[in-house]
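If you're matching positions, the sequence shown starts at 489 in our numbering and goes up one per residue. Everything on this sheet refers to the single structure shown next.
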Amino acid sequence: MAFLRAFELVCQYLEIEPTVPLFFCVFKLQRQPSRDGRHGWVSLKQQVKHFKMFVDSVRHFKERFYIVRPLTELAMDSLFESEF
């Protein structure tokens with residue numbers, strides 16, 4: 489159901505009507521046959537990659553980094569508090 493919800497949200501953002509034909513332009517059915525020849529699992533797969541998972545490659549990620557520090561003592565203390 490996550491595919492459907494994601495599709496709805498993207499359509500809402502782009503201000504277009506979510507339709508079944510449009511959905512199947514974005515996603516396709518992927519079937520996995522079972523051992524006895526019948527169809528087993530059915531899943532959805534993107535037809536075309538519309539989004540990248542990462543802007544940059546994760547290789548060499550240690551070559552650039554940022555140091556982030558809390559500005560106040562209260563913020564520093566909240567980093568070490570646990571709700572559990």
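The beta carbon of each residue, even a glycine, is placed where N, CA and C say it ideally should be.
Could you give the DSSP three-state label for residue i: helix, strand or coil?
{"i": "L642", "result": "Residue 642 is absent from the structure shown; the chain starts at 489 and stops at 572."}
{"i": "R493", "result": "helix"}
So is residue i in contact with chain B if we call contact Cβ pairs under 8 Å?
{"i": "V536", "result": "Protein chains in the displayed structure number just one, and chain B is not present."}
Next on the checklist: Please give the ranges of any beta strand (DSSP E) in the stretch 496-526, keeping only runs that are unbroken, at least 3 residues long and fully inside the region.
Outcome noted: You should have 515-521.
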